[in-house]
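A.B. asks: Chains as they are written, first to last, in numbering that gives the first Met the number 0: chain E, 0 to 356; chain L, 0 to 370.
The structure under discussion is supplied below as structure tokens; questions concerning it will follow.
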Amino acid sequence: MSLWVDMYRPRTLDDLHYHEGLSTRLRSLAASGDFPHMLFYGPSGAGKKTRIACTLRELFGKGADKLKIDQRVFMTPSKRKLDVNIVQSNYHIEITPSEVGQYDRVVIQELLKEIAQTQQVDVSAKHRFKVVIIQEADSLTRDAQAALRRTMEKYMSNMRIILCANSTSKLIAPIKSRCLLVRVAAPSSEEIVKVLKHVAAKQPFRVIDDEVAQEIAEDSNGNLRKAILVFEALRMQSPDLSGPLTIAKPDWETYCHKVADMIIQEQTPQRVMDVRSKLYELLSHCIPATVIIKTIADRLVDKVDENLKADIMHWAAIYETRMRVGNKKIFHLEAWVVKVMSLYKHFFYGIDMSGFD
Amino acid sequence: MSFFQKSSTRTAPKTATVDPTLQPWVEKYRPKTIDDVSAQEHTVAVLRRTLTSTNLPHMLFYGPPGTGKTSTILALARQLYGPDNFRSRVLELNASDERGIAIVRDKIKNFARQTPRAQAVASDGQTYPCPPYKIIILDEADSMTQDAQAALRRIMETYARITRFCLVCNYVTRIIDPLASRCSKFRFKPLDPTSTSSRLTQIASSENIAVSDDVVKTLINTSQGDLRRSITYLQSASRLSMSTNPPTPIVPSDIQEIAGVVPDTVINSFAATLGIDIITDEMDVDDGLPTRAKGFNDIRSKVKQIVREGYSAAQILSQLHDLVVEHPTLAAQKKANCALVFAEADKALCDGADEELWILEVGLQVHKAVS
Ligand SMILES: Nc1ncnc2c1ncn2[C@@H]1O[C@H](COP(=O)(O)OP(=O)(O)O)[C@@H](O)[C@H]1O
Ligand SMILES: Nc1ncnc2c1ncn2[C@@H]1O[C@H](COP(=O)(O)OP(=O)(O)O)[C@@H](O)[C@H]1O
Ligand SMILES: [Mg+2]
Ligand SMILES: [Mg+2]
């Protein structure tokens, strides 16, 4: 049985529940025949992937939903084999080049050239061009982006590219200027509530309590995927959604909060050791270090004095950056914890002392 | 088997099949002759002379994107060789092609070897100078490694008698000196507003679309001297406006959305939260923006809201930077302190740092600097 997020994923532009203006534009663009390269960007869970799939369906009809998954092997110039998963229909192909890390250029170059040089053999296809969807485009290396730029101009006659990214910050200007930028903002809480009610209507219990829906929506922070997943989990707690419901936080989040509380309770070398073992635990469960530092910091600033908040976030930003550039995540997480403890202690004594003046 | 088959007619010229109404305007309106190139008067004047003299130096074109470098060399080559000989006399290599130096050497070797004779009169009835050498265009040359460039220098020497090189790049400093010193250098300037404006109006009238002065102004502001960008934005905006029934006129905010520019209202309200006085053109000073600086929690929730809207951090920082630096009443000392923060954030984002953390960091530091 599939999850609700998949089961109730809208299939057509008409089924999309929010950003109607955007859906209308996409519908007319698909109909116009003059379809540009596009770049969809916005936060995770805002509905980019869904919207792209609906646009494809609008372009090519139902056939675009018939997907198959292939594994392809590419060869780097140094004869290293790269395995890449490819999702495709008769009309499009979808890849996540960041799967192969620094070799993404090879995949982009080979695949796009191959597609550009082939022709649509389905004579009844609505468009001559094929669509290439590139997921996680913001992780493309500079090299791969450079390889894309001229290709996008050269093969315009039989290929369109749709890039999907969280942000445009990491894409080079020549790529951005060759695409129609489509920003997909996260749905508002009201919009999320609307979707939740729609999902509920398809269940035996039919309705979801307004308050519960509102709570789920607020908790999801604009991430619709998260909201639907939480909703489904609640149904597990209580099949007919009766009785008191509590939105369970994921374990790792509770764990991070515990770490924040430990930091505030005590600032000693022993406590640093205790915190470190907790951090290791989180990392070994594949929680990204960035998520760890942000979650702990968020909890900390809710608990400390106004004067300390900015400093805690400042050092979180600094150490998170170092983590990206450096090699050992744990070093920087730990350094940040020590920094925060020291800030806290100094501040605490500062106030205490002034009381004795 | 996949539905896509290798076409059996791979050699068929692709350009012949492009429906002109579907062609990107940047290609459709690429200058055909060097005299079509706007705003690069000096370069064009020098190159015009090479059309009459028979000699051509090696050349190095450099300057920001979308200023006419590729167009100029292609136009010059076309004027030198005419349509018939262009293919056999001009080789274009760019970063999109696989470009290990071994491959470059092979391609150049092969290309330089063939010496087809030029007909006196071309198929279009005109005569072309058709000088007795071939032109090799290395586009995006600054993405070649130092080693590749060194190897290229030897190749240049080997084929010096029968080839001329034209290196095209954005950053002249990334071209090694022994290579750069062999070339005549031509600098391409960002397009000035007047040239951009006249080029855009020309395209708009050929395409029969109405474009207001405000829209042109927005195009100029968002593309900053990059004509490719402004033309692409214009085409996208026109696509969107034509796609409704009846067509809706293009407005400046369409251009801003297409260009990924964050609306002024969003930036202003962020700045106001940070304690910066927002001075608008309107007489109505008090247009609902908070005028007093707020605390940590206000700034944090403002940042979360911006992030949810999906705006990119780089764009927000660049626009906030402009607002601060150009602010009419903010003290210089405060601006200087803000500048330090922006620089720090730009570096962090280039290192791949988390966008939300850095928008917040900039917010908090700017708040501190101005209060
Ligand atoms: N417009 C929409 N209306 C209703 N549900 C949606 C809509 N967009 C997305 N969803 C739901 O939200 C989930 C996450 O969307 P997705 O497109 O994967 O987000 P993103 O690609 O932005 O991370 C999907 O599984 C789908 O069930
Ligand atoms: N100086 C210019 N005059 C006229 N058109 C230009 C000029 N610069 C750029 N363009 C337009 O922008 C497009 C891209 O220009 P191109 O020559 O490829 O720029 P680059 O300097 O990046 O090589 C051209 O097709 C043309 O439409
Ligand atoms: Mg996604
Ligand atoms: Mg160029």
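The C-beta atom is built at its ideal place from N, Cα and C for all residues, glycine as well.
Which partner residues does residue 184 of chain L have in the DSSP bridge list?
C.D. replies: Working through the second sequence from its first residue, we reach residue 184 of chain L at position 185. DSSP output for residue 184 of chain L lists L:59 as bridge partner(s).
A.B. asks: Closer than 5 Å from C-beta to any heavy atom of ligand 1: which residues, in chain order?
C.D. replies: Cβ-based neighbours of ligand 1 within the cut-off: E:4, E:8, E:9, E:15, E:16, E:43, E:44, E:45, E:46, E:47, E:48, E:49, E:194, E:223, E:224.
A.B. asks: Output needed in chain order: residues of the stretch 37-58 of chain E with a Cβ under 8 Å from some Cβ in chain L.
C.D. replies: So the list reads 40, 41, 42, 45, given in the order they occur along the chain.
A.B. asks: Please classify residue 105 of chain L: is it buried, with 16 or more other beta-carbons within 10 angstroms of its beta-carbon, or exposed?
C.D. replies: Here residue 105 of chain L is taken as the residue at index 106 of the second sequence, counted from 1. Exposed, because fewer than 16 other Cβ atoms sit within 10 Å of the Cβ of residue 105 of chain L.
A.B. asks: Which of helix, strand or coil does DSSP assign to residue 175 of chain L?
C.D. replies: Locating residue 175 of chain L in the second sequence gives position 176, counting from the first residue. Note: residue 175 of chain L maps to coil in three-state DSSP.
A.B. asks: For residue 328 of chain L and chain E, any beta-carbon pair shorter than 8 Å?
C.D. replies: For the purposes of this step, residue 328 of chain L is taken as the residue at position 329 of the second sequence. No, because no Cβ of chain E sits closer than 8 Å to the Cβ of residue 328 of chain L.
A.B. asks: Exposed or buried, residue 68 of chain E, counting other C-beta atoms within 10 Å across all chains shown (16 or more means buried)?
C.D. replies: Taking the first residue of the first sequence as position 1, residue 68 of chain E is located at position 69. Under this definition residue 68 of chain E is an exposed residue.
A.B. asks: Cβ closer than 7 Å: which chain L residues qualify as neighbours of residue 172 of chain E?
C.D. replies: The sequence position of residue 172 of chain E within the first sequence is 173, counting from 1. Those within 7 Å of residue 172 of chain E in chain L are 64.
A.B. asks: I want to see whether chain A comes within less than 8 Å of residue 83 of chain E, judged by CB atoms only; does it?
C.D. replies: In the displayed structure, chain A is absent; the protein chains listed are E and L.
A.B. asks: Report yes if the C-beta of residue 230 of chain L is less than 7 Å from at least one heavy atom of ligand 2; otherwise report no.
C.D. replies: Position 231 of the second sequence, counting from 1, holds the residue named residue 230 of chain L. Correct: residue 230 of chain L has its Cβ closer than 7 Å to ligand 2.
A.B. asks: First and last residue of the beta strand (DSSP E) that includes residue 180 of chain E?
C.D. replies: Within the first sequence, the letter at position 181 stands for residue 180 of chain E. Here the beta strand (DSSP E) through residue 180 of chain E covers 179-182.
A.B. asks: Does any residue of chain L bring its CB to less than 8 Å from the CB of residue 123 of chain E?
C.D. replies: Position 124 of the first sequence, counting from 1, holds the residue named residue 123 of chain E. No, no contact with chain L.
A.B. asks: Cβ closer than 9 Å: which chain L residues qualify as neighbours of residue 312 of chain E?
C.D. replies: Here residue 312 of chain E refers to the residue found at position 313 of the first sequence. What residue 312 of chain E touches in chain L: 295, 299, 356, 359, 360, 363.
A.B. asks: First and last residue of the alpha helix (DSSP H) that includes residue 42 of chain L?
C.D. replies: As a working note, residue 42 of chain L is residue 43 in the second sequence. Note, residue 42 of chain L: alpha helix (DSSP H), 40-51.
A.B. asks: Would residue 217 of chain E pass as an interface residue toward chain L - the criterion being a Cβ-Cβ separation below 8 Å?
C.D. replies: What you label residue 217 of chain E is simply residue 218 of the first sequence in a count that begins at 1. Closer than 8 Å: no.
A.B. asks: Ligand 6 and residue 138 of chain L: does the residue's C-beta get closer than 7 Å to at least one heavy atom of that ligand?
C.D. replies: In the structure shown, ligand 6 is absent; the only ligands present are ligand 1, ligand 2, ligand 3 and ligand 4.
A.B. asks: Tell me residue 158 of chain E's beta-bridge partners as DSSP assigns them.
C.D. replies: Taking the first sequence and counting its residues from 1, one reaches residue 158 of chain E at position 159. Residue 158 of chain E is bridged to E:129.
A.B. asks: Can you tell me where the beta strand (DSSP E) with residue 168 of chain L in it begins and where it stops?
C.D. replies: As a working note, residue 168 of chain L is residue 169 in the second sequence. Element bounds for residue 168 of chain L: 162-168.
A.B. asks: On the criterion of 16 or more Cβ atoms from any shown chain inside 10 Å, does residue 308 of chain E qualify as buried, or is it exposed?
C.D. replies: On the first sequence, position 309 is the one that residue 308 of chain E refers to. Classification for residue 308 of chain E: buried.
A.B. asks: Would you grab the beta carbon distance between residue 178 of chain E and residue 38 of chain E for me? Rounded to a whole angstrom, and I think it's under 8 Å.
C.D. replies: Counted from its first residue, the first sequence places residue 178 of chain E at position 179. Counted from its first residue, the first sequence places residue 38 of chain E at position 39. Indeed, because the Cβ distance is near 4 Å, the residues count as touching under 8 Å.
A.B. asks: Say whether chain L places a C-beta atom closer than 8 Å to the C-beta of residue 35 of chain E.
C.D. replies: Locating residue 35 of chain E in the first sequence gives position 36, counting from the first residue. Cβ-Cβ to chain L under 8 Å: yes for residue 35 of chain E.
A.B. asks: Considering only the beta carbon of each residue, do residue 107 of chain L and residue 141 of chain L sit closer than 8 Å?
C.D. replies: Along the second sequence, read from residue 1 onward, the residue named residue 107 of chain L stands at position 108. Along the second sequence, read from residue 1 onward, the residue named residue 141 of chain L stands at position 142. Contact: no.
A.B. asks: Kindly indicate which three-state DSSP category residue 336 of chain L falls into: helix, strand or coil?
C.D. replies: Here residue 336 of chain L refers to the residue found at position 337 when the second sequence is read from its first residue. In this structure, residue 336 of chain L counts as helix in the three-state DSSP scheme.
A.B. asks: Taking only heavy atoms of ligand 2 into account, decide whether any of them is closer than 7 Å to the Cβ of residue 28 of chain L.
C.D. replies: To locate residue 28 of chain L, count along the second sequence from 1; it is residue 29. Residue 28 of chain L Cβ: within cutoff of ligand 2.
A.B. asks: Taking Cβ to Cβ, would you say residue 189 of chain L is nearer than 8 Å to residue 223 of chain L?
C.D. replies: Taking the first residue of the second sequence as 1, we reach residue 189 of chain L at position 190. Taking the first residue of the second sequence as 1, we reach residue 223 of chain L at position 224. Yes; because the gap between Cβ atoms is below 8 Å, this pair is in contact.
A.B. asks: Less than 8 Å between the CB atoms is what I'm expecting for residue 128 of chain L and residue 53 of chain L, so what's the real figure, rounded?
C.D. replies: Counted from its first residue, the second sequence places residue 128 of chain L at position 129. Counted from its first residue, the second sequence places residue 53 of chain L at position 54. Contact holds; Cβ gap of about 7 Å.
A.B. asks: Name, in chain order, the residues that DSSP records as bridge partners for residue 133 of chain L.
C.D. replies: Position 134 of the second sequence holds residue 133 of chain L. Note: residue 133 of chain L sits in a beta bridge opposite L:162.
A.B. asks: Which residues of chain L have a Cβ atom closer than 9 Å to the Cβ of residue 28 of chain E, listed in chain order?
C.D. replies: Residue mapping note: residue 28 of chain E aligns to position 29 of the first sequence, counting from 1. In chain order: 238, 239, 242.
A.B. asks: How long is the line joining the alpha carbons of residue 8 of chain E and residue 88 of chain E, rounded to whole angstroms?
C.D. replies: Locating residue 8 of chain E in the first sequence gives position 9, where the first residue counts as 1. Locating residue 88 of chain E in the first sequence gives position 89, where the first residue counts as 1. When rounded, the distance between both Cα atoms is 18 Å.
A.B. asks: If we ignore side chains and look at the alpha-carbon of each, how far apart do residue 104 of chain E and residue 134 of chain E end up?
C.D. replies: Against the first sequence, residue 104 of chain E aligns to sequence position 105. Against the first sequence, residue 134 of chain E aligns to sequence position 135. Their backbone Cα atoms lie some 14 Å apart in a straight line.
A.B. asks: Using a C-beta to C-beta distance shorter than 7 Å, which residues of chain E count as neighbours of residue 400 of chain L?
C.D. replies: The first residue shown for chain L is 0 and the last is 370, placing residue 400 of chain L beyond what the model contains.
A.B. asks: Taking only runs of the alpha helix (DSSP H) that begin and end inside the stretch 212-264 of chain L, which ones reach a length of at least 4 residues, in chain order?
C.D. replies: Here the runs fully enclosed are 212-222, 226-241, 251-257.
A.B. asks: Using the rule of at least 16 other Cβ atoms within 10 Å of the residue's Cβ for burial, across every protein chain shown, is residue 353 of chain L buried or exposed?
C.D. replies: In the second sequence, residue 353 of chain L corresponds to position 354, counting from 1. By the 10 Å Cβ count, residue 353 of chain L comes out buried.
A.B. asks: Three or more beta-carbon pairs under 8 Å between the stretch 72-82 of chain L and the stretch 44-51 of chain L, yes or no?
C.D. replies: The stretch 72-82 of chain L vs the stretch 44-51 of chain L: in contact.
A.B. asks: From the DSSP output, in three-state form, read off residue 71 of chain L for me.
C.D. replies: Numbered from 1 along the second sequence, position 72 holds the residue referred to as residue 71 of chain L. Reduced to three states, the DSSP call for residue 71 of chain L is helix.
A.B. asks: Check whether chain L comes within 8 Å of residue 354 of chain E, counting only Cβ atoms and requiring the distance to be less than that.
C.D. replies: Locating residue 354 of chain E in the first sequence gives position 355, counting from the first residue. Because residue 354 of chain E carries a pLDDT of 48, less than 50, the predicted location of this residue cannot be relied on, and the following value inherits that uncertainty. Output row for residue 354 of chain E: interface = no.
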